Structure formats: C-alpha cells, structure tokens
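Residue numbers (the UniProt record's numbering), protein chains in the order written: chain E, 1 to 321; chain D, 1 to 582.
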C-alpha cells in the first residue's frame with residue numbers, strides 16, 4: 001500500500017519544491033514587504049524606498065556579474081577588491097571629469113577580470129583560488145594607489161551620480177536596473193549567453209560541440225570585473241569619498257548571497273537574472289527591517305545565515321529531482 | 001567465522017563460488033565461480049561491463065557479494081574492506097597508480113612499514129633497500145625523487161614492487177600494461193614469472209590477447225556478469241577466445257540481420273576522400289592510424305576494447321592531442337585541429353559517452369539542437385528565434401524526437417531521444433563527415449533501428465560516415481568497409497564480401513602484435529576449402545589448428561545480400577587479416 005501512495009506524495013513534494021525554487025524568492029519578497037509595511041507604515045514612504053534603492057544598487061550590479069560567473073560553475077571573490085581598486089583611481093582622475101574617472105575605473109575592472117578569467121580558462125586554476133588571490137592582491141594594490149587615508153571627492157558629476165534621482169528613483173538604481181535588463185537580454189537572447197549557460201552545464205560537451213569555452217570564460221570574468229568597477233564608482237560618488245581600505249568589503253559575499261537567494265544554482269548551467277534582482281532586494285529589505293526595528297546586528301547576521309542555508313537547500317533539491 | 005571443510009576446490013588458493021552482486025537492480029555478477037590455483041597466472045578477460053572489475057572488487061573487499069562465498073586458502077572469508085584483503089595476502093595493482101605522488105619513491109615503496117631506528121624512520125636504510133628492490137624490477141632511478149617525477153611506467157613498477165613486497169599470496173593486476181612501454185612490459189613479464197616461481201598466484205586482467213598467451217596459464221572469460229569459460233590457455237584458439245568474449249559464434253549464419261541498415265552497399269563517389277587521416281599517433285594509445293572516408297561511404301572501425309577506436313575519432317577532430325599525423329578534409333589539410341575548427345571544416349563527432357560529452361542536460365531540446373549552430377543563427381551576437389525554431393522544428397520532425405515540446409529539458413528524455421537530439425545538433429550544420437562513436441549504445445530497440453536507418457540514409461545523401469560500434473552486427477551490416485584496429489594500430493581491412501562477422505572475428509583474433517610481423521603478407525592458404533572459408537580452419541603459425549571451429553562446415557554467409565551467392569565456389573579468398581599494414 002505504501003508503495004502505491006508514496007510516488008504521489010513524492011510528486012506533490014517535488015512540485016512544491018519546484019514552485020518554491022521558481023517563484024519562492026518573489027513570494028518571499030512580497031511577503032517581507034507586506035510585513036515591513038504592516039509593522040511600520042512609514043516604510044512605503046518614498047524617502048525610505050529611495051534609501052533602500054541607494055543601498056541595493058551597487059550590490060545588485062556586483063551580483064549581476066556574479067550570477068554570470070556562477071552560471072559557468074565559477075565564482076568571483078575578487079569583486080570587493082575590484083570595487084576598492086576602482087575607488088582608488090577615482091580621486092586620481094576625478095580632475096578630468098566624471099567620464100575620465102569612470103573610464104579608468106572600468107578599464108581596471110576589466111583588467112582584473114581578464115587576469116582572473118585567464119587563470120581560470122588557460123591555467124585551469126580553480127575559480128575560487130584564482131579570484132581569492134586577486135581578492136587579496138588587488139585590495140593591496142588599491143591601498144597602495146590611494147595611500148592610507150580616505151580621500152574626499154568634490155567632482156560634481158560623480159557626486160550627482162551618487163545622489164541625484166530621476167522621477168524619484170536614484171540614478172544609481174536606474175543604472176543598476178538598466179544593467180539588469182541588459183544582463184537578462186545577454187543571457188536569454190545572445191549567442192554568448194546561451195554558450196555561457198551550456199558551458200556551465202556541461203563543459204566537456206560544450207568543448208566537443210565547438211564552443212569557444214576559453215573566450216566565454218574570460219569574457220564572463222571581465223564582465224564581472226567591469227560591473228564591480230561600476231559599482232565602485234557609484235559607491236564613491238554616493239559616499240563622496242574614496243576609501244579603498246573599507247569600500248567593497250564583504251561585497252563578494254553579499255553578491256553571492258543575492259545570487260543564491262535568487263535561485264541560481266552554484267553548480268552552474270543556469271542564470272536567473274530577475275531572481276538575482278529579487279534576491280538582492282530581499283536581502284536589502286530584511287536587513288533594513290531588522291535594523292529599523294532595533295534588532296542587534298548580530299541577530300541580523302544570524303537571520304541572514306538562516307536564509308542563505310534555506311536558499312541553498314532549496315536549490316540543491318532540484319538536482320536530486 | 002565458520003571453518004569450512006576443504007571442498008572440491010581446495011587446491012585453489014583463492015576460490016569464488018556462486019557469487020551474485022547487483023547494483024540498484026542491475027545484475028553485475030551472476031553465480032560467478034572463479035578458482036585461482038597457487039603459482040598460476042590466471043587471465044581474466046571480457047568486454048566492457050562483463051563484470052571483471054566487479055569480480056575483482058568482490059575478491060579484494062571493495063564490494064561484498066549479495067550471495068556466494070570467497071575462500072582464501074580453503075577458509076571462507078568476508079573482507080569488509082580492501083585493507084583486510086590486503087592483510088590476508090591479496091594485493092591489487094590498479095590501472096591508475098594509487099600511491100602518494102608527492103612522496104619520494106622510497107617512501108612510497110615502504111609506506112606504512114618503513115624500516116626504523118631508535119623509533120625514527122631509517123631513511124638511509126630505506127633508500128638503500130628501495131634502490132635494491134627496484135633494481136630487480138629494472139627500475140633504476142634516484143629513489144629520493146618524488147614519485148610523480150617518474151614516468152607512468154616506472155610508477156607502475158613501483159606500485160608492483162610495493163604490492164609484491166607486502167607478503168602477498170595473490171596478486172591481482174588490472175590492466176597493468178596499459179601505460180607501459182614494450183620494454184617495460186617485458187620486465188613486467190619476467191617479474192610475473194618470478195612471482196610464479198615463488199608460488200604466488202596472479203590474476204591478470206588485460207584485453208591484449210598477445211600478452212595473455214605470453215604470460216598466462218589459464219583463462220576465465222566473462223560476459224554479461226557470467227563466467228562463460230574457464231580453461232587452459234594453451235590450445236585455446238584466439239578466435240575461440242574472441243568469440244567467447246563477444247558472445248558470437250563463428251558461423252552464426254544469417255541471411256538477413258536484425259539491424260535496420262539497408263543491405264545495399266552505398267554507391268561510392270569517385271576520387272577525393274571526404275576525410276583522410278594519416279598516421280595519427282597519440283602516446284600509448286595510437287600508433288600511426290590512417291583512415292580514409294569517402295563521401296557516401298560508411299567506414300566501420302572494428303576492434304576490441306582498448307584498441308583505440310574512440311581515440312582515433314577524438315584524434316581526428318582534435319579533441320585528443322596527437323604527437324604526429326595529419327587530417328585532410330576534402331583535400332584541404334587541417335592545421336591546429338580543435339573540435340571547433342573541425343566543426344567548421346565539416347567534421348563532427350557523436351561522442352561515445354552521451355551523458356558526459358554530449359548532452360547539456362539542463363538545457364532544452366531547442367537549445368541542445370541549436371548549440372553548435374548558434375553563431376550561424378545569430379546576427380551581431382543576437383540569436384534569431386525564428387531561424388532557431390525553424391531548424392528545431394524541422395529536425396524534431398525529421399528525426400522523430402519524442403519530447404513534450406522543444407522546451408523540454410534534454411536530461412529528462414530517454415537515451416534514444418537524447419541521441420537523436422545530438423544527431424540533430426550536428427545535422428543542422430550540414431556536415432561532410434560524421435564520426436559516430438557507439439551511436440546506439442544504451443538506447444532502446446526502436447530508436448536503435450531509427451538511428452541505424454538514418455545513418456544509412458545520410459550516407460546515401462553523400463555524407464561520409466565513420467562508424468564505431470561494439471555491436472558486431474551493427475558494425476558489419478552498417479559498414480561498407482571496416483578498418484580493424486588493435487592496440488592502437490591498423491591491423492586489417494575488410495572490404496566488399498569480406499565484410500562479415502567471421503572475417504572481423506578472424507582478423508581480431510589473428511592480427512599480429514608487432515608491425516614487423518604484419519609486414520610479410522602470406523599467400524592465400526591453399527588448405528582452405530572453398531566451401532568453408534572459415535578462417536578458424538586456417539593454420540596459424542602460432543597456434544595449433546587442431547581445435548575444430550564450431551559448425552565450421554556451414555560456412556559463414558556474408559551479411560550482404562547484394563551478392564546473394566556469397567563468394568563463388570572455387571574462388572579462394574584473400575585473407576583479410578593479411579592485408580594488414582603497419
């Protein structure tokens with residue numbers, strides 16, 4: 001008898017899990033938002049929303065690049081250091097205007113990504129090791145470039161970028177939104193995006209199918225570096241100072257959290273861009289809600305840890321069918 | 001533990017009786033009996049999946065049998081792990097060296113039983129003894145070097161020396177020669193003979209027949225998890241051995257086979273081959289393999305496990321780096337081969353391992369089909385959905401891919417449908433040459449017939465096909481010509497009426513080992529009667545021809561009814577294997 005009833009039960013459980021994996025993060029986001037508003041009606045006020053968006057924009061940018069890297073079964077721990085490197089060169093070029101500083105930062109971000117990507121694609125260093133070495137080395141480099149102390153930024157273009165809003169929404173958030181849209185398009189519609197996902201799912205088969213595996217891998221890390229550098233410039237503009245010793249700290253972990261909570265499996269072969277956006281928003285909201293209700297940071301961290309564990313558990317279940 | 005009365009097999013040092021073992025419902029071993037006598041070298045052979053490895057693992061305590069017993073020196077034993085088996089005197093040398101690569105050679109040799117002085121390892125004595133021991137195995141190296149700096153062959157020798165140092169009563173060698181040079185093989189053989197003199201029994205797993213005849217006393221043949229033969233190896237014909245392994249009787253007469261291949265041979269188009277591979281050489285795997293494939297022709301690659309068939313296909317497309325050799329596609333030389341450049345040139349390969357090297361399991365049918373064609377389906381890097389859907393719909397219909405739709409995940413499809421998806425991936429590129437490595441392995445009968453029919457159709461449309469198949473029937477009926485490989489060398493060709501199972505079996509069994517033996521072609525043997533061109537009756541210089549081939553009088557029928565009469569009576573046939581070249 002049990003053998004007859006069990007498959008049905010398993011199917012229901014399986015379907016439930018699949019639904020949870022597909023839409024869980026969106027549902028959680030809505031529920032969390034409702035709770036936040038229920039607890040404190042002022043949460044929906046535009047000023048608060050804007051603060052949240054300012055904070056989530058850089059994380060989201062970094063998470064988008066991270067989602068691409070994770071889609072190839074890799075990981076990029078160097079993004080926090082890349083933010084610091086971008087921050088360190090902004091004061092040097094800010095005198096030439098916003099675009100010079102931005103261009104320089106992005107080039108350096110791309111270069112960092114290229115080094116990591118080359119280590120992964122050509123030297124076959126494991127991604128975690130390759131980018132860990134960059135994470136350490138590049139932050140050191142950033143501190144050398146900048147010197148010991150944080151430097152104030154006065155360039156108006158940069159400051160505007162970090163503080164102005166268009167239609168009530170911060171420019172930073174617009175930029176992150178557009179990047180998310182482009183990343184989604186990249187993954188879904190382009191040759192590169194499809195190749196990226198295929199390589200993450202089965203690298204050997206992709207190689208035998210003639211896919212440019214190395215080129216795709218390097219490009220993915222370059223994109224991740226560029227997005228991190230962009231995030232770094234925004235952080236500098238928003239904070240009105242360049243502080244490579246502190247900016248971007250732990251950002252790689254926040255980005256990975258957003259990607260994982262958004263339902264992208266760490267085993268590669270799938271990139272969920274919208275899920276990553278929701279994951280970043282969710283983590284931002286939960287931190288904000290807990291902080292605003294005077295929950296101590298230590299407890300906030302424990303709650304975040306529990307969410308990550310649950311998200312990873314849910315995404316793993318998919319693999320076992 | 002129950003002390004058993006010494007049974008009838010008490011002369012055996014190691015005795016396996018009635019052993020069953022299944023994994024997740026799949027029977028790997030069925031009622032297997034295996035007797036190993038002291039001081040004998042016992043060959044254990046069989047094709048992939050025959051159960052050799054499982055049997056070894058039962059004997060060495062890696063697996064525990066579901067039923068049956070393992071006795072060592074007359075006592076029933078239940079080894080819970082390989083260490084217990086080793087302590088009892090069963091040493092195993094695996095194909096891959098399992099030592100510590102970063103430790104010194106001497107350390108590896110004495111790992112776990114280092115000579116000590118005052119409680120510390122006596123390094124000097126250890127090094128001296130290690131050099132002595134290895135010297136006996138023909139390995140003269142600085143024993144203080146890390147093991148990994150040694151060649152693979154030398155590493156294998158260290159593993160062997162270590163296995164023998166431990167007081168072993170039984171030594172199991174799992175394809176010990178796969179990475180050895182010919183000279184090292186000779187050393188290994190003399191070591192084995194030395195073991196024999198000491199009364200140690202050796203289980204020797206290999207698929208190189210020449211080695212078996214050179215060093216083994218008895219042989220056990222396994223197929224589909226059963227022991228199908230045990231006996232003295234002297235006097236056992238190679239042909240018999242091969243047909244036992246493959247489960248094919250010499251003269252299985254068949255008017256029309258059960259495969260879906262159209263039996264007409266394909267019309268050969270003239271002139272230039274679509275693919276010409278010359279002198280492909282890969283260290284330890286291929287030694288100067290040359291193959292031509294003409295447009296509209298199906299060329300079979302025959303050979304036993306480990307003959308280098310898959311390696312040949314991989315070397316052609318550049319998935320396996322070659323030391324020498326060249327590939328021409330329609331007369332144009334391919335420089336710096338890679339899978340990508342081969343695909344651009346029109347040469348594509350359906351890999352043997354569908355799961356690991358073929359499908360992208362979590363992507364949809366649509367994406368798997370269009371994977372290799374993506375650059376052609378896009379403009380400025382953007383994939384054209386319309387073009388993609390057009391191709392996908394066409395091939396899903398043409399190959400009758402059964403899926404809930406183009407969006408279904410390929411990982412959820414059956415093996416046969418996965419294989420069709422992979423075929424579609426290549427066919428939408430309009431290739432010139434198709435390399436098929438075991439295209440019907442592990443797929444159901446219906447899909448198998450469809451794939452076979454499709455291969456036929458493609459060849460008729462002018463595609464050149466290189467077909468690798470362990471299914472002899474498929475190979476013979478599907479191919480217009482067969483190139484026979486053995487130990488990474490081309491040892492024979494079958495063409496026209498010679499493309500028969502018997503011809504292939506014969507060539508596999510009798511192909512000489514070294515190229516210089518093959519160099520001298522013999523004249524057609526007058527002793528062969530025209531009615532029975534059964535090659536088994538042909539006297540072989542190395543073997544007694546006394547053993548009668550089963551049902552030899554019927555004679556084999558060529559599987560090719562295009563020539564219904566078969567070879568005309570009175571017309572002596574050139575022996576296929578004698579066309580060997582090096």
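Glycine is no exception: its CB is placed at the ideal position from the N, C-alpha and C atoms.
Remember, it's a predicted structure, so these values are computed and weren't measured experimentally.
Close beta carbons around residue i, own chain, < 7 angstroms, minus the five adjacent residues each side
i             : result
residue 171/E : 161, 164 and 165
residue 208/D : 177 and 487
residue 148/D : 101 and 102
residue 137/D : 157, 160, 161, 187 and 191
residue 599/D : For chain D, the structure presents residues 1 to 582; residue 599/D sits outside this window and is missing.
residue 472/D : 246, 248, 501 and 504
Interface partners of residue i on chain D, CB under 7 angstroms
i             : result
residue 192/E : 381
residue 270/E : 362
residue 189/E : 382 and 383
residue 201/E : 360, 361, 362 and 363
Contact list for residue i against chain E, beta-carbon separation under 7 angstroms
i             : result
residue 357/D : 204, 205 and 208
residue 343/D : 210
Residues near residue i in its chain [Cβ-Cβ closer than 8 angstroms; skip 5 each side]
i             : result
residue 168/E : 46 and 50
residue 217/E : 72, 74, 117, 120, 121 and 199
residue 151/E : 91, 241, 242 and 243
residue 323/E : Because chain E in this structure spans residues 1 to 321, residue 323/E falls outside the shown range and cannot be described.
residue 185/D : 177 and 211
residue 13/D  : 36, 37, 38, 72, 73, 169, 170 and 201
Partners in chain E for residue i, counting only beta-carbon separations shorter than 9 angstroms
i             : result
residue 425/D : 209
residue 352/D : Result: empty, since nearest Cβ-Cβ is about 11 angstroms, beyond 9 angstroms.
residue 372/D : 209, 210 and 211
Chain-ordered neighbours of residue i on chain D, where CB pairs are closer than 8 angstroms
i             : result
residue 212/E : 340
residue 40/E  : Neighbours of residue 40/E on chain D: none; closest Cβ ~42 angstroms, over 8 angstroms.
Cβ neighbours of residue i in the same chain (closer than 6 angstroms, five flanking residues each side left out)
i             : result
residue 444/D : 416
residue 142/E : 84, 85, 88 and 244
residue 280/E : 56, 59, 60, 63 and 258
residue 306/E : none
residue 424/D : 369, 395 and 399
residue 276/D : 292 and 328
Residue i: contacting residues in chain D (beta-carbon distance under 9 angstroms)
i             : result
residue 197/E : 360, 362, 363 and 367
Contact set between residue i and chain A, taken where Cβ atoms lie within less than 8 angstroms
i             : result
residue 319/D : Of the chains in the structure shown, none is chain A; the protein chains are E and D.
Residues that residue i bridges to, as DSSP identifies them
i             : result
residue 312/D : Answer is none; residue 312/D lacks a bridge partner.
residue 226/D : 223/D
residue 116/D : 121/D
residue 231/D : 219/D
residue 476/D : Partner(s): none; residue 476/D has no beta bridge.
Partners in chain E for residue i, counting only beta-carbon separations shorter than 8 angstroms
i             : result
residue 378/D : 190 and 191
residue 375/D : 191
residue 334/D : Those do not exist, as residue 334/D stays about 13 angstroms from chain E at its closest Cβ, beyond 8 angstroms.
Inspect the CB distances between the region 20-39 of chain D and the region 129-143 of chain D and report whether three or more fall short of 8 angstroms. no
Note down, one range per segment and in chain order, each alpha helix (DSSP H) of at least 4 residues found wholly within the region 401-458 of chain D. 415-427
Taking 8 angstroms as the cut-off, does the region 179-196 of chain E touch the region 210-220 of chain E (at least 3 CB pairs, one atom from each stretch)? Yes, the region 210-220 of chain E touches the region 179-196 of chain E.
Is the region 53-73 of chain E in contact with the region 275-284 of chain E, if contact means three or more CB pairs nearer than 8 angstroms? yes
Answer yes if the region 491-508 of chain D comes into contact with the region 313-329 of chain D, meaning at least three C-beta pairs across the two stretches below 8 angstroms, and no otherwise. With the cut-off at 8 angstroms, the region 313-329 of chain D and the region 491-508 of chain D do not touch.
Are at least three pairs of beta-carbons, each pair with one atom in the region 32-46 of chain D and one in the region 54-73 of chain D, less than 8 angstroms apart? yes
Any chance the region 113-121 of chain D sits against the region 167-176 of chain D, with 3 or more Cβ pairs inside 8 angstroms? Taking 8 angstroms as the limit for Cβ pairs, the verdict is that the region 167-176 of chain D does not touch the region 113-121 of chain D.
To test your reading of the DSSP string, which unbroken alpha helix (DSSP H) runs of 4 or more residues are found completely within the region 202-227 of chain E? 203-208
Any contact of the region 14-33 of chain E with the region 303-318 of chain E, i.e. 3+ C-beta pairs under 8 angstroms? yes
Contact between the region 98-111 of chain E and the region 246-260 of chain E: three or more CB pairs below 8 angstroms? no
Would you check if there are 3 or more beta carbon pairs closer than 8 angstroms linking the region 216-231 of chain E to the region 23-38 of chain E? no
May I have a chain-ordered list of the beta strand (DSSP E) segments no shorter than 3 residues that lie completely inside the region 6-90 of chain E? none
Three Cβ pairs or more, each shorter than 8 angstroms: is that satisfied between the region 296-310 of chain E and the region 402-416 of chain D? no
3-residue-minimum beta strand (DSSP E) runs that sit fully inside the region 104-186 of chain D, ordered along the chain: 170-174
With three or more beta-carbon pairs closer than 8 angstroms as the criterion, would you say the region 294-312 of chain D touches the region 334-344 of chain D? no
Between the region 241-248 of chain D and the region 37-47 of chain D, do three or more beta carbon pairs fall short of 8 angstroms? The way I'd put it, the region 241-248 of chain D does touch the region 37-47 of chain D; three or more beta-carbon pairs between them come closer than 8 angstroms.
Does the pairing of the region 472-484 of chain D with the region 278-288 of chain D give three or more beta-carbon distances under 8 angstroms? By the Cβ criterion, the region 472-484 of chain D is not in contact with the region 278-288 of chain D, since fewer than three pairs of Cβ atoms, one from each stretch, lie closer than 8 angstroms.
Any contact of the region 378-398 of chain D with the region 433-443 of chain D, i.e. 3+ C-beta pairs under 8 angstroms? no
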